[in-house]
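From first to last, the protein sequence lines stand for chains A and B.
Using my numbering, you'd call the opening residue of the first sequence number 387 and step up by one each time.
Using my numbering, you'd call the opening residue of the second sequence number -3 and step up by one each time.
Just so it is clear, CB atoms sit at the ideal spot from N, CA and C, and this is done for glycine as well.
It should be emphasised that the depicted structure is a prediction, and the values quoted were computed from it without experimental measurement.
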Amino acid sequence: MTEITRRDALKIGAGTAAFAATGVDALAQGAPKWEVTPEKGASIRVLRGSRFVQGDETVFNENVAKYEKATGVKVRVDYEGWEDITPKAAVAANVGKGPDIVYGWYDIAHQYPDKLVDVSDVANYLGAKYGGWFDVCKKFGQTKGGRWIAIPLGAPGSKVVYRISHAKEAGFSEFPKDTKGFLALCQAMKKANKPVGLALGNAVGDANGWCHWVVWAHGGKMVNEKDQVVINSPETIAGLEYAKELYQTFVPGTLSWLDPSNNKAFLDDQLSLTTNGISVYYSIKNSADPKIKAMAADVGHADYPIGPVGRSTQLNLIVPAMVFRYSKYKNAAKDFIRFMMEQEQYEPWSTASIGYFSHPLAAYDKLPIWTADPKHTPYRDTMRTMLWPSYAGSLGYASAGALADFIMVQMVATACSGAKSPKDAAAEAQKRAERYYKV
Amino acid sequence: MAVALGRQAAPRRSFVELLDDRRVLSVLCMLPAVGLLVTFLAYPLGLGVWLGFTDTKIGRPGVFIGIDNYISLFDDSVFLLSVYNTLVYTIVATILKFGLGLWLALLLNNSMPFKAFIRAIVLLPYIIPTVLSALAFWWMYDPQFSVISYVLSKMGLIDRYVDFLGQPNAARASVIAANVWRGIPFVAICLLAGLQTISPSLYEAAALDGANPWQRFRNVTVPMLMPILSVVLTFSVLFTFTDFQLIYAITRGGPLNATHLMATLAFQRAIPGGQMGEGAAIATAMIPFLVFATVFSYYGLQRRKWQQGSADD
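Printed below as a string of structure tokens:
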């Protein structure tokens, strides 16, 4: 995949330089007091996923250097493959030794809430200063009792990525807003021999994203507010029937697709439509291959369409920052997380990450990256509207287990492939989910 | 330490004298090895078995729940499927690896030009890190970019790309092929070593007795190869049964869990899923299979008396 260099990121930023020059501090609302100071001689270790876009790591490191200079705290950042973060953090939590801060994934914090430092002060401070946290942040960041155990850094937003010209050829000058129109669009694309491709393999990001959406959009859900498994419902079955029809428009082989598969096929001009982060647009825009680069103007981003439930039902990855109780420098760790979320650091980082991470704080809606290119804008509201993996229930061991076992994805894949009828697929998912949600 | 011990024991029997006792000496000599085995093998294994009897979650110590994990697993279609997959994977891959490996060993045992060089090349698949070869296979099996499909379609043999990993049985066959490709060199080189220890005079004697090539193979090569064959078979079965990397890189257990092995499922449940106790139970459930496979291939094949020259019973 083509990577975004710092230079490219700067170019994007240049268009909004005027805003940026005067913009600092403009977003802060009121000035709550931050009184936690790092311990003397503190040194902290940070573990986070390696970059998907070059600018992310570059500016993250610059911000770290800024922090070291400002406070004298030593910070070491380890970048690891994104799938290694969850197991490493789990081991650290278990043995009580390891990095002070982990930037993890999803509901990771709810797997060991007792091992995490209360970061309510950080959350309250940032929330008060930057227009408040989006609702989903509270779901991910707080325990049931309202104690903050993780600070969401952002969410790599997933949207529908499509070829504008293919949609036009199919008779859609505007991207459909509802599931009915969406199916019609996909069918028309398939008819024009330009198929759709959504992952149905055990792809943590891509498959989870659209499979949850399709079930939720029709009113199905894994569990209700009381954490009772209710996946085997007429609504779920309706969702599966819909997914089955959608599957007829797919390119062959999606049952084995892992996360990178759709990017490869989209870049190779084999797909009209898929779901992805903004990164695929950037690999096109910055491709060394002029043929691929020419596609950039033709790439459109759109929200997942709204289904019969009448509201947006999207799932995205989310990156929570956690401080472990065993840390010797808890204050320094908290202060570091706070520092990285402040506009002076967050804005350049967000710009350099080309909108790969959508922000968790309402005031950051005005970050320049979201309007630097109109194609960024759909990613702006990711965290404002997104749901969480175990919607409408709570996050915890059961939800993490059910998610890791790909119950939702495999239910959709089973129904789509015809291995089981939608009815039987839903019944099987119910049985599998009940294993995790047993009391 | 030795000096200190010696001084303490001085009134009765000196430490050096104690060392003259063979029993004491042998215990002392074995201690480091026993220590290593206990620390790095017995303890983790015991801990794993113990975890399987608890409801430990990541980050939360569990309590003893007896065989609840196992009861729940036997009602879990995914686990049962993974047991089936593992058995199919191991049996089919092992048969293919041994058939092809033995064939390759017999070919390599002939004298030919550049013998040493060719033998070295044969080892290549085994030398390449598993993850690298797995990634290569992942590309080769890709539904959109498979080089195999590309070649076949250019030759006009197929009109749409092969869906190697999209259908359960095709996916099983594909990962087995990858495992066989990786495993053949190990089997071939080990068996080649075995073949070279067979004295040529045995073949000469057999030839003088009028034995044809098949009879020579059946009555000289096979029995002489049996001891090493059983050892290689044991190892090969163990490696195949516990395979993880190939599956994790190529299919991650998909499609629809058709290639999930017990090892990959144990990992998925224990680490990303946080269900440490259940993951440990799945891993523990592999032990009886492994013990059976070991006992079968080791004793079953070595028991035969005709290796020692007496009649088979």
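Fill in: Rounded separation between Gly527 (chain A) and Ser506 (chain A) - CA only
9 Å
Item to complete: Pull out every residue of the region 525 to 546 of chain A whose Cβ sits closer than 7 Å to any Cβ of chain B, in chain order.
Response: none
Worksheet item: Is the shortest distance between the beta-carbon of Thr247 (chain B) and the beta-carbons of chain A less than 8 Å?
Response: yes
Discussion item. Only counting the same chain, and skipping five residues up and downstream in sequence, which positions put a Cβ closer than 8 Å to that of Thr230 (chain B)?
Written reply: Ala289, Thr290, Ser293 and Tyr294
Worksheet entry | Close beta carbons around Ile692 (chain A), own chain, < 8 Å, minus the five adjacent residues each side | Lys563, Asp564, Thr565, Ala603, Ser698 and Thr699
Practice prompt. Please list the partners that Asn588 (chain A) has in chain B, where partner means a Cβ-to-Cβ separation under 8 Å.
Written response: Thr247, Arg248, Gly249 and Gly250
Worksheet item: In the region 431 to 497 of chain A, which residue ranges form an unbroken beta strand (DSSP E) of at least 3 residues, counting only runs that do not cross its ends?
Response: 460 to 466 and 487 to 489
Worksheet item: Taking 8 Å as the CB-CB cut-off, is Pro775 (chain A) touching chain B?
Response: no
Worksheet item: Under three-state DSSP, which class holds Thr408 (chain A)?
Response: Reliability fails at Thr408 (chain A), whose pLDDT of 42 lies under 50, so the model's placement of it is uncertain and no value is given.
Worksheet item: How long is the line joining the alpha carbons of Gly606 (chain A) and Leu37 (chain B), rounded to whole angstroms?
Response: 47 Å
Worksheet item: With 8 Å set as the bound, which would you pick, yes or no: does the beta-carbon of Phe285 (chain B) sit closer than that to a beta-carbon of chain A?
Response: no
Worksheet entry | Residues that Asp72 (chain B) contacts on chain A, provided the C-beta gap is smaller than 8 Å | Arg818 and Arg821
Fill in: Host alpha helix (DSSP H) of Arg766 (chain A) (start-end)
Segment: none, Arg766 (chain A) is in no alpha helix (DSSP H) and carries neither H nor E.
Worksheet item: When you compare only the Cα positions, how much space is there between Leu569 (chain A) and Leu657 (chain A)?
Response: 15 Å
Discussion item. Let me confirm a value: Asn649 (chain A) is counted as buried when at least 16 other C-beta atoms fall within 10 Å, else exposed. Which label applies?
Written reply: buried
Worksheet item: What are the uninterrupted segments assigned as alpha helix (DSSP H) that are 4 or more residues long and contained completely in the region 542 to 605 of chain A, given in chain order?
Response: 550 to 555, 565 to 577 and 592 to 603
Discussion item. Which of the three DSSP states is assigned to Lys322 (chain B) in this structure?
Written reply: Past the edges of chain B, shown from -3 to 309, lies residue 322 (chain B), and the structure says nothing about it.
Fill in: Complete alpha helix (DSSP H) runs within the region 248 to 283 of chain B (minimum length 4 residues, chain order)
258 to 266
Fill in: Neighbour-count burial assignment, Val705 (chain A), 16 or more Cβ in a 10 Å radius
buried
Discussion item. Quick check on DSSP: helix, strand or coil for Ala503 (chain A)?
Written reply: Note that residue 503 (chain A) is Val in the sequence shown, not Ala. Coil.
Worksheet entry | Between the CA atoms of Phe182 (chain B) and Thr472 (chain A) - distance to the nearest angstrom | 34 Å
Practice prompt. Note the first and the last residue of the continuous beta strand (DSSP E) segment covering Ala707 (chain A).
Written response: Val705 to Val709
Discussion item. Using a Cβ-Cβ cutoff of less than 7 Å, which residues in the same chain neighbour Thr50 (chain B) once the five nearest sequence positions on both sides are dropped?
Written reply: Gly58, Val59, Phe60, Ile61 and Gly273
Item to complete: Hey, could you find the ends of the beta strand (DSSP E) Gly427 (chain A) is sitting in?
Response: Segment: none, Gly427 (chain A) is in no beta strand (DSSP E) and carries neither H nor E.
Worksheet item: If you compare alpha carbons, which of A:Cys597, A:Asp759 and A:Ala813 is closest to Leu789 (chain A)?
Response: A:Cys597
Item to complete: Take the Cβ of Arg324 (chain B) as the centre, count every other Cβ of all protein chains shown within 10 Å, and call the residue buried at 16 or more, exposed below.
Response: Missing from the structure shown is residue 324 (chain B); chain B here goes from -3 to 309 and no further.
Practice prompt. Would you kindly report the start and end of the unbroken alpha helix (DSSP H) that includes Leu21 (chain B)?
Written response: Arg18 to Leu33
Worksheet item: Is it the case that the Cβ atoms of Pro424 (chain A) and Ala718 (chain A) are separated by a distance below 8 Å?
Response: yes
Worksheet entry | Which residues DSSP lists as bridging His745 (chain A), in chain order | His745 (chain A) pairs with nothing; no bridge assigned.
Practice prompt. Would you please verify whether the beta carbon of Tyr548 (chain A) is less than 8 Å from any beta carbon of chain B?
Written response: no
Practice prompt. Identify, in the order they occur along the chain, each residue of the same chain with its Cβ nearer than 6 Å to the Cβ of Thr457 (chain A), setting aside the five sequence neighbours on each side.
Written response: Pro424
Worksheet item: Going along chain A, which residues have a C-beta under 7 Å from Ser68 (chain B)?
Response: Arg821
Worksheet item: Nearest CA to the CA of Thr800 (chain A): which residue from B:Ser22, B:Ala262, B:Arg178 and B:Pro251?
Response: B:Pro251
Fill in: Segment contact, 8 Å Cβ cut-off, at least three pairs: the region 719 to 727 of chain A with the region 617 to 628 of chain A
no
Item to complete: For the region 113 to 133 of chain B and the region 165 to 183 of chain B, state whether three or more C-beta atom pairs, one from each stretch, are separated by less than 8 Å.
Response: yes
Discussion item. For Trp534 (chain A), list the residues DSSP reports as bridge partners.
Written reply: A:Gln528
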